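Below is one structure; the comments refer to it alone.
Number of protein chains: 2
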Amino acid sequence: MHFKLEEAIEVLERTPKTLAYFLSGLSEDWVQCNEGEGTWNASEVIDHLIEGEKNNWIPRLRFMLQEGENKAFPSFDRYAHLNGMQELSIKEKLLEFQMIREQNIIKLKKLVNPELDLESTGLHPAFGVVKVRELISTWVVHDLTHISQIVRVMAERYREDVGPWIEYLGVLKKD
Amino acid sequence: MHFKLEEAIEVLERTPKTLAYFLSGLSEDWVQCNEGEGTWNASEVIDHLIEGEKNNWIPRLRFMLQEGENKAFPSFDRYAHLNGMQELSIKEKLLEFQMIREQNIIKLKKLVNPELDLESTGLHPAFGVVKVRELISTWVVHDLTHISQIVRVMAERYREDVGPWIEYLGVLKKD
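As given, the protein sequences belong to chains F and B, one line each in that order.
Residues in the first sequence are numbered from -16 upward in steps of one, following my numbering.
Residues in the second sequence are numbered from -16 upward in steps of one, following my numbering.
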């Protein structure tokens, strides 16, 4: 186990600006490309990250700390972001993600005492007993997963353009 | 094929600052963690990116444009960065990467006329005939590969901390 709350927060506070720096001002073709039907483009990934800030991480954390193992927390719709938001520009979305993440980090620091609460437990609707530490670690790795997804989706766009070099380009390897 | 020189440059110019923003000020444990023996940590990935700026992309591009298919370009040692550089801090490395990339983008714009040169060919020591377009696309996807590697390596650190949520975290799936 490696989790330390202050190190987790280091990543959580960097993700929105990192993505804002990377994606702002990019041509629409980069922002709108995906990996084929039913897959997300970079802009939809940002929608999903915003949705998580609104309805997943902090609400679940609060629920866990209040209810413990008494009541399973409501399940989170991982596709909810596909309804709505599409009318915002990527720049507006990135700004919204940044603002809501900042507020959530303030809430996180208020809610969780790292000396007392990390091993507290709650009830996940599918997994059963889970810990506060696991939820916050997952929040961090969820950020990393979606940064990874965005660069993979963008790389896909050049799959044919790279010619024989594809052999050396790990990001284009299919599982 | 999707390659357009100005779109490729959009990514090339964003990578160093994106990584600088993401990695600067992170705890050493994030910067130094890797995926096990023989794998690279984030700091070593930056060394490798700097090495590519010095000895791979622009030198090969220049070589191709000068020699065409007459002479194969020298092979590039993908592990060269593991000798040297280690004494610099990650902040210094990120700054060096940023500066050398800026210079190389200026050189790229001078060397390549997108109307004339993208389909020009050269001789790769292993692949045979390759095109200027393929080399520049590869430069872009190489950036994306290594951003992806850095976030994957960092995610690995929390493999056990996330508990049962590992099931939903694509970045922790092993090939």
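C-beta atoms are modelled at their ideal positions from N, C-alpha and C, and glycine is treated no differently.
Note that the coordinates shown come from a computational prediction; the quantities given were computed from them, not determined experimentally.
For residue i, three-class secondary structure by DSSP
i      : result
F/A109 : coil
B/T1   : helix
F/K90  : helix
F/T22  : coil
F/K114 : strand
Exposure label - residue i; buried when at least 16 CB within 10 Å
i        : result
F/R45    : exposed
F/E22    : Reading the sequence as shown, one finds Thr at residue 22 of chain F and not Glu. F/T22 should be labelled exposed.
F/M47    : buried
F/M(-16) : exposed
F/I73    : buried
F/N96    : exposed
F/I130   : buried
F/I89    : exposed
B/S10    : exposed
F/N53    : exposed
B/S120   : buried
B/Y62    : exposed
F/L99    : exposed
F/D126   : buried
F/G105   : buried
B/P(-1)  : buried
B/E150   : exposed
B/D144   : buried
CB contact check: residue i to chain B, cutoff 8 Å
i        : result
F/E143   : yes
F/L160   : In the structure displayed, chain F extends from -16 to 158; residue 160 of chain F sits before or after that span and is not available.
F/K0     : yes
F/L168   : The requested residue 168 of chain F does not occur in the structure, where chain F is confined to residues -16 to 158.
F/G146   : yes
F/H(-15) : yes
F/E102   : no
F/A63    : no
F/V115   : no
F/H125   : yes
Proximity test, Cβ basis, 8 Å: residue i and chain F
i        : result
B/M82    : no
B/W23    : no
B/V134   : yes
B/S58    : no
B/T128   : yes
B/R45    : no
B/W40    : no
B/V28    : no
B/S120   : yes
B/S169   : In the structure as shown, chain B begins at -16 and stops at 158. Residue 169 of chain B is therefore absent and cannot be evaluated.
B/A138   : yes
B/E75    : no
B/L152   : yes
B/E52    : no
B/E(-7)  : yes
B/E(-10) : yes
Near the ligand PLP: residue i beta-carbon under 7 Å from a heavy atom
i      : result
B/P147 : With respect to the ligand PLP, the structure shown offers nothing to examine, as it has no ligands at all.
Every unbroken alpha helix (DSSP H) inside the segment 40 to 66 of chain B [4 residues or more]: 40 to 50
Cβ pair count under 8 Å reaching 3, the segment 106 to 124 of chain F against the segment 114 to 132 of chain B: no
Closer than 8 Å is the cut-off here; do at least three beta carbon pairs connect the segment 22 to 37 of chain B with the segment 78 to 96 of chain B? yes
I want to know whether the segment 35 to 45 of chain F touches the segment -13 to -3 of chain B - three or more CB-CB distances under 8 Å. no
Stretch-stretch touch, CB-based, cutoff 8 Å, three pairs: the segment 128 to 146 of chain B with the segment 5 to 17 of chain B: yes
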